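**Student:** Residue numbers (our numbering): -14 to 134.
Note that the Cβ used here is the ideal one computed from N, Cα and C, for glycine as well.
Bear in mind that the values here come from a model prediction, so they are computed numbers and not experimental data.
1. Under 8 Å, with one C-beta from each stretch per pair, do the segment -2 to 9 and the segment 35 to 42 reach the 3-pair mark?
2. If residue 17 and residue 2 are in contact, beta carbons under 8 Å, what's the gap, nearest whole angstrom?
3. For residue 46, tell me which candidate among 68, 25, 57, 63 has the shortest Cα-Cα distance.
4. From residue 78 to residue -3, what distance separates their C-alpha atoms?
5. Could you tell me whether the Cβ atoms of residue 53 and residue 127 are closer together than 8 Å?
6. According to DSSP, simplified to helix, strand and coil, what is residue 74?
7. Mark residue 43 as exposed unless 16 or more other C-beta atoms lie within 10 angstroms of its C-beta, in which case mark it buried.
8. Give the secondary structure of residue 79 by DSSP, where H, G and I count as helix, E and B as strand, and everything else as coil.
9. Can you tell me whether residue 101 is helix, strand or coil according to DSSP?
10. From residue 98 to residue 131, what does the alpha carbon distance come to, in whole angstroms?
11. Within the same chain, show all residues whose beta-carbon is closer than 7 Å to that of residue -7, passing over the 5 residues directly before and after it, in chain order.
12. Among the residues of its own chain, which have a CB less than 6 Å from the CB of residue 12, if the five just before and after it don't count?
13. Can you check the segment 6 to 30 for any beta strand (DSSP E) of at least 3 residues that lies completely inside it and give the ranges in chain order?
14. Could you give the distance in angstroms between the alpha-carbon of residue 191 and the alpha-carbon of residue 89?
Structure follows, in structure tokens:
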């Protein structure tokens, strides 16, 4: 089992929480990011070329059934649902077959509105409660995975 973090979009606090619990549970942690993001810590780092979705393709390539993936990218999450043990959002929720279609549809509608000249709200500012929710879902997912071994 590994934690694989999509480093290009992962908030620093969420990455630190991942690092803390990877160490606590003695599991591997890999952060995949482009050259644009300088990641340092007690984890493996994989740097990919700059380019749209380069980090995403690497995460897809290296992930397996036992892995827990951390990403804010709904498209990447949808591709990984059937391939990995769990896919988590740093906002503190797990992507599932039940919620991914709605998330993708909302993303599509927002893109469509922006392309036609409309405006949409940006992402909400990260709050301390987001870290708490993420920590809870991460611990829950790791312990669920350990019980399945």
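**Tutor:** The answer reads as follows:
1. no
2. Here residue 17 is taken as the residue at index 32 of the chain shown, counted from 1. Here residue 2 is taken as the residue at index 17 of the chain shown, counted from 1. With a Cβ gap of about 17 Å, residue 17 and residue 2 do not count as contacting.
3. On the chain shown, residue 46 is found 61 positions in, with the first residue counted as 1. Among 68, 25, 57, 63, the Cα nearest to that of residue 46 is on 68.
4. What you label residue 78 is simply residue 93 of the chain shown in a count that begins at 1. What you label residue -3 is simply residue 12 of the chain shown in a count that begins at 1. Rounded to whole angstroms, residue 78 to residue -3 spans 17 Å at the Cα level.
5. For the purposes of this step, residue 53 is taken as the residue at position 68 of the chain shown. For the purposes of this step, residue 127 is taken as the residue at position 142 of the chain shown. Cβ distance < 8 Å, so residue 53 and residue 127 count as in contact.
6. By one-based count along the chain shown, residue 74 stands at place 89. Note: residue 74 maps to strand in three-state DSSP.
7. The residue labelled residue 43 in the question sits at position 58 within the chain shown. Buried, since its Cβ has 16 or more Cβ neighbours within 10 Å.
8. Taking the first residue of the chain shown as position 1, residue 79 is located at position 94. Note: residue 79 maps to strand in three-state DSSP.
9. Counting from 1 along the chain shown, the entry for residue 101 is found at position 116. Looking at residue 101 - three-state DSSP - the assignment turns out to be coil, as it is neither helix nor strand.
10. Along the chain shown, one-based indexing puts residue 98 at 113. Along the chain shown, one-based indexing puts residue 131 at 146. Each residue's alpha carbon lies about 43 Å from the other.
11. Start at 1 with the first residue of the chain shown, and residue -7 comes out as number 8. Cβ neighbours of residue -7 beyond the five flanking positions: 18, 19, 22, 40.
12. If you number the chain shown from 1, residue 12 lands on position 27. Counting only Cβ-Cβ distances below 6 Å, and skipping sequence neighbours, we find -14.
13. 13 to 19
14. Lying outside -14 to 134, the shown extent of the chain, residue 191 is not represented and no answer is given.
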